[in-house]
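Using my numbering, the first residue of the sequence shown is number 5, and each one after it goes up by one.
We put the beta carbon where it would ideally sit given N, CA and C, even for glycine.
Right, one structure below, let's go through it.
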Amino acid sequence: MSQHPDASGAGSEAPNLDFAGTTPYEDYVQADVLTHLQHPMSDDPGEMVFLVTTQVMELWFTVIVHEWETASRALREDRVPVAVDALKRSVREFEALNASWTPLSQLTPVQFNSYRSALGDGSGFQSAMYRRMEFLLGEKSASMLVPHRGAPRVHAELEKALQEPSLYDEVLGLLARRGLPVPARALNRDFTQKYEPSTAVEEIWAGIYAEPDQHGEVIRLGEALTDVAELVWRWRNDHLVATRRAMGSKTGTGGSAGVAWLEKRAQKNVFPELWTARSHV
């Protein structure tokens, strides 16, 4: 029969409750720091939901960037299973990130407007970690470094990410090393520029999928990338819907075009040839 601890925590199965300083959990997780980072700027109770959800999104951006950088490094070293594992983890993480829109999507225009002015010129497109995520997807733009000129460390990290190959660039490099005819212009391009689709790369992917016995490992990589691309598309669409519900077609925070800009983003696919090649298999 199990022994129950008393109120003092005594008992053979009781956890250790007495620590000289903070608990080991607090030392590791820094929960006290995390739970005291919220400083609402209005009296509206809904602002806390907006603030915490946005901070949670930033944490998910951080871990997804970590996974994609891990995958990029593994691809550069021809360790495809390691890259696929990292991409698969990022898929689960991205699902959790996308779920973050759920509490925000219920905001009415009146509720959002009650604290929208507290954002001032603040806008999600100013997120440095989200920008690093977009750069890893090949969505490069030097102009997106401009908002971060006042933060030297952040600016340096973004500039480095801008100049490095994207996740998909590393994939193309892997395909070339495996003897597939990736065009030189796709391999030796200016990595600070947005990736543009290639008919030749589309044909390579179509050929890979047409021969599963020969290209099983690369197909698993392609499917993991497609899972990521699908969730990116869902993220952009969920962002669009949540924004449309909260503020209609008004100008976005920070002077962005709001819904009009999000609609353009929602129409774009990342890793484009992985989608178009399917029509030719």
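Are the CB atoms of residue i and residue j nearer to each other than 8 Å?
| i | j | result |
| --- | --- | --- |
| Gly142 | Lys198 | yes |
| Val245 | Ser118 | no |
| Asn102 | Asp231 | no |
| Met131 | Val60 | Residue identity check: residue 131 is Ser in the sequence provided, not Met. For Ser131 and Val60, no; Cβs fall outside 8 Å. |
| Pro2 | Ala250 | Within the shown structure, residues of the chain are numbered from 5 to 285, placing residue 2 beyond reach of any answer. |
| Ala228 | Leu79 | no |
| Ala165 | Pro187 | no |
| Glu163 | Leu176 | no |
| Ala122 | Ser170 | no |
| Gly326 | Leu278 | With the chain represented from 5 up to 285, any question about residue 326 goes unanswered, as that position is not in the structure. |
| Val263 | Thr247 | yes |
| Phe54 | Met133 | no |
According to DSSP, simplified to helix, strand and coil, what is residue i?
| i | result |
| --- | --- |
| Glu99 | helix |
| Phe139 | helix |
| Ala309 | Only positions 5 to 285 of the chain appear in this structure, which leaves residue 309 out of reach. |
| Met45 | coil |
| Asp82 | coil |
| Lys92 | helix |
| Ser202 | coil |
| Lys144 | coil |
| Val285 | coil |
| Thr74 | helix |
| Gly50 | helix |
| Pro185 | coil |
| Gly211 | helix |
Between which two residues does the alpha helix (DSSP H) carrying residue i extend?
| i | result |
| --- | --- |
| Pro113 | 113 to 120 |
| Asn291 | Beyond the ends of the chain as shown, which are 5 and 285, falls residue 291; an answer cannot be given. |
| Ala250 | 220 to 251 |
| Arg153 | Per DSSP, Arg153 belongs to no alpha helix (DSSP H) and is neither H nor E. |
| Asp333 | Summary: the structure shown does not reach residue 333, with the chain confined to residues 5 through 285, and so no result is reported for it. |
| Asp36 | 35 to 38 |
| Arg181 | 171 to 181 |
Per the contact definition of three or more C-beta pairs closer than 8 Å, is the region 90 to 100 in contact with the region 186 to 204?
Contact fails: fewer than three Cβ-Cβ distances are below 8 Å.
For the region 205 to 215 against the region 276 to 285, are there 3 or more C-beta pairs whose distance is under 8 Å?
Using a C-beta cut-off of 8 Å, the region 205 to 215 makes contact with the region 276 to 285, since at least three inter-stretch Cβ pairs fall below that distance.
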